[in-house]
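Chemist: Mind having a look at this structure? Questions to follow.
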Amino acid sequence: MAERVVILGAGPAGLAAARGAVAAGKQVIVIDDNARAGGQIWRGQGERTVPGAEFRFGATVTGIEPERKVVRIAAQEVAYDRLIFANGARELYLPFPGWTMPHVMGAGGLQAMVKEGMDVRGRRVVVCGSGPLLLAVAANLEKAGANVIRVAEQANWSSLIAFGTSLWRWPDKLAQAATLGSWRFRAGQWPVRAYAGGVELSTGEKLDCDWVACGWGLVPNTELAQLAGCELRGGFVAADRFAATNVPSIFAVGELTGIGGVEKAEAEGFAAGAGRAIERDWQEWVRRLDSHFALREELLELAEPETTVCRCEDVPLGRLRQATGWRDAKLQTRCGMGPCQGRICGPAVEKLCGWKPDSVRPPVYPVRVKDLLEQ
Amino acid sequence: MRIRVNGNSIEVQEGTSLAAALENAGLTLFRRSVKGEPRGPLCGMGICFECRVAVDGVAHTKACQVQVRDGMEVICG
C-alpha cells in the first residue's frame, strides 16, 4: 500500500507537494476550503490540477490528532502517513480610521474579488500598504480595466533601492511597475484615514476613489500546525531542510515557514512531497524581504481610541488598551472571540499592544453543530 | 442567470462569486456590525467573515466562497 500523503492547501506549495508526492509514487490527497486549486496568487487563472492526486475542495479542516495521524473535516476523519501543511498566509490588517468602511479591502482581498468576477472597469483604485504584492495587485487591477490612481508604499525609497538588486529576480514585477507609470507609484507614504468616497494619505492628499486596496504584508496561517503541536520560530512554523516539523510525520512548506513567495513555496513543497531535502536555503531571501519592507512606527499610531480593531465584535482600540493581555482582552471585550477567531485582529493587536495570542483550540475554524454531529 | 437578493431578482454572471456578483449589482452592504455599521468583504478569501449573508435560508454563508447559482435566494444587510 502506497504511503498516504495528505496535503493541506492547494496553493503553489500544496500543488508542488502533490506533484512531488505523485512523482514519488505516493497516494496523494489535497484538501482546500476553496472551490478550486490555486490558493491566493493563482486565483481565477483557470483550472490547476495534479494528475494522480485526489482533491477535496470546499473542505475545512477543523481539527487534527497527530497521535492517531488523522485530520478532521468537521466530523469526518482523514488518515495520513505523512501530513504536509501548506496553508499559506493571509494579509496583515493594520487598523486606521475608516478602515472598516465597505470601500476599503485588503490588497489581496480586492484582487481576489476581481478574480472571482468583480467588475472594476473604470473604477478609481488606491493601492497602499507595503510589499511587492502591491505592484502585483496594481498590475492585475489595471489589466482588469481599473484606473489605479496611486500605489503608495510605506517603505522609503532607500529601502526599495537597497532591495532593488532582488527585484531583478522578479522581472515580471519590474515590468508591472514600469507599466504603471512611475508617477503613480510613491514611496514613503501611507493611508491615515478612509472617508466616504476616498482615502487620505500621510502626505495630506485626499484621493477620491472607488476602492482602497490596503495590504501591509503577510501573516502565516499557523493555527492548524500549532494545534498539531508544531513549534513556531519567530511566528513561523519551524521546519528543517526536509520541511519536517518537530512533530513526527508532519511537514510544513511555503509561506508557513517564512514569507518568500511562489518560488520558495514550490521548491519546499515539491521536496516535501517527494520526501527529499529542499535544495536551497530560503531563509536569507525571507530575511531580505522582511527587512526591506519592515513597517514603520508611524503605522502603529494611525488607529485612534475610537478606531475599530476587532471587526467581528466592534471593539475599539481604546477599550483594548484597558486590558492587560490577549486573554484579558477576550474576556473583557470579546476581541478575538468572533467568527474570525482573531485571524484579522490578532496580528494587529500583537503589533499595537504587544500581546501574543494564546493557545489554539479546536475547532480551529467555525463549524456548524450539525457537521459535528453527523457521522 | 438570475438570483434573488432581498426579494429582488437581479442578473448575475455565471462563474462569479456571490460577493463579486453583489458588488457588481451595486449592493455593497453585506451585513451590519454589532454597532450597526455597514460592512462588506475585506479579505476576499474566507477568513474575515465580513461578507456573510443568508443563502437559500442558511445564515452566515460567506459570499466570497460561494459561486452564484441560478435561482439562489440571498438576504443581505
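Going down the list, the sequences are from chains A and B. Every letter in the first sequence is one number past the one before it in the working numbering, and letter 251, counting from 1, is 234. If you want the working numbering, it's the position in the second sequence, counting the first as 1, plus 71. Here a beta-carbon is modelled for each residue, glycine too, at the ideal position from N, C-alpha and C.
Just to confirm my understanding: we take A/A286, look at its own chain, exclude 5 residues before and 5 after, and list those with CB closer than 7 Å. What are they?
Modeler: Answer for A/A286: P78, F79, V292, L300, L335, listed in chain order.
Chemist: Which residue from A/E206, A/L314, A/D273, A/D354 puts its Cα closest to that of A/C364?
Modeler: This structure does not reach residue 364 of chain A, given that chain A is present from -16 up to 358, and the question cannot be answered.
Chemist: Who pairs with A/M88 in a beta bridge, going by DSSP?
Modeler: Paired residue(s): A/A196.
Chemist: Taking contact to mean 3 or more Cβ pairs, one atom from each stretch, closer than 8 Å, check whether the region 79 to 89 of chain A and the region 173 to 192 of chain A are in contact.
Modeler: Contact between the region 79 to 89 of chain A and the region 173 to 192 of chain A is present, because at least three Cβ pairs lie under 8 Å.
Chemist: Provide the residue span of the beta strand (DSSP E) that contains B/V126, from first to last.
Modeler: First-last of the beta strand (DSSP E) with B/V126: 123 to 126.
Chemist: To the nearest angstrom, how far is the alpha carbon of B/F120 from that of A/T316?
Modeler: Near 19 Å, if we compare the C-alpha coordinates of A/T316 and B/F120.
Chemist: Taking only three categories from DSSP, how would you classify A/G241?
Modeler: Coil.
Chemist: Rounding to the nearest angstrom, what Cα-Cα distance links A/E183 and A/V230 in this structure?
Modeler: Cα to Cα, the separation comes out at about 47 Å.
Chemist: State buried or exposed for A/H275, treating a residue as buried only when at least 16 other CB atoms are found within 10 Å of its CB.
Modeler: Buried: at least 16 other Cβ atoms inside 10 Å.
Chemist: For B/L98, go through chain A and note every residue whose CB falls closer than 9 Å to its CB, in chain order.
Modeler: Near B/L98 there are no residues of chain A at all, since even the closest Cβ is about 10 Å away, more than 9 Å.
Chemist: Can you find a C-beta in chain A that's less than 8 Å from the C-beta of B/A91?
Modeler: Closer than 8 Å: yes.
Chemist: Interface residues of chain B around A/N17 at Cβ under 9 Å?
Modeler: What A/N17 touches in chain B: M116, G117, Q136.
Chemist: Is the CB of A/A95 under 8 Å away from at least one CB in chain B?
Modeler: A/A95 counts as touching chain B.
Chemist: What would DSSP say about A/G181, mapped onto helix, strand or coil?
Modeler: A/G181 falls in the strand class under three-state DSSP.
Chemist: Quick check: what's the CA-CA separation for A/I56 versus A/S142?
Modeler: Their Cα atoms are separated by approximately 44 Å.
Chemist: Label A/N123 either buried or exposed according to how many other C-beta atoms from any shown protein chain fall within 10 Å of its C-beta, with 16 as the threshold for buried.
Modeler: Buried is the call here.
Chemist: Have a look at B/R103 and A/R294 and give me their C-alpha separation to the nearest angstrom.
Modeler: If I take the Cα positions, the gap works out to 11 Å.
Chemist: Is the separation between the beta-carbon of A/N130 and that of A/V108 shorter than 8 Å?
Modeler: Contact flag set, yes.
Chemist: Would you kindly report the start and end of the unbroken alpha helix (DSSP H) that includes A/C328?
Modeler: Per DSSP, A/C328 belongs to the alpha helix (DSSP H) from 328 to 336.
Chemist: Would you be able to state if there are at least three C-beta pairs under 8 Å between the region 89 to 99 of chain A and the region 25 to 43 of chain A?
Modeler: Yes, they touch.
Chemist: Where does the unbroken beta strand (DSSP E) through B/K106 begin, and where does it stop?
Modeler: Per DSSP, B/K106 belongs to no beta strand (DSSP E) and is neither H nor E.
Chemist: Using a Cβ distance threshold of 8 Å, determine whether the region 111 to 121 of chain A contacts the region 44 to 51 of chain A, with at least three qualifying pairs required.
Modeler: Segments in contact, no.
Chemist: Using a Cβ cut-off of 8 Å (strictly closer), state whether A/E296 contacts chain B.
Modeler: For A/E296, the answer is yes, since a Cβ of chain B falls inside 8 Å of its Cβ.
Chemist: Look up B/C173 in the DSSP assignment and say whether it is helix, strand or coil.
Modeler: The structure shown does not extend to residue 173 of chain B, since chain B spans only 72 to 148, so no value can be given for it.
Chemist: Keeping to the same chain, check which residues put their C-beta closer than 8 Å to that of A/C213; ignore five residues upstream and five downstream.
Modeler: Around A/C213: F68, T205, V220, A221, T228, N229, V230, I233, A235.
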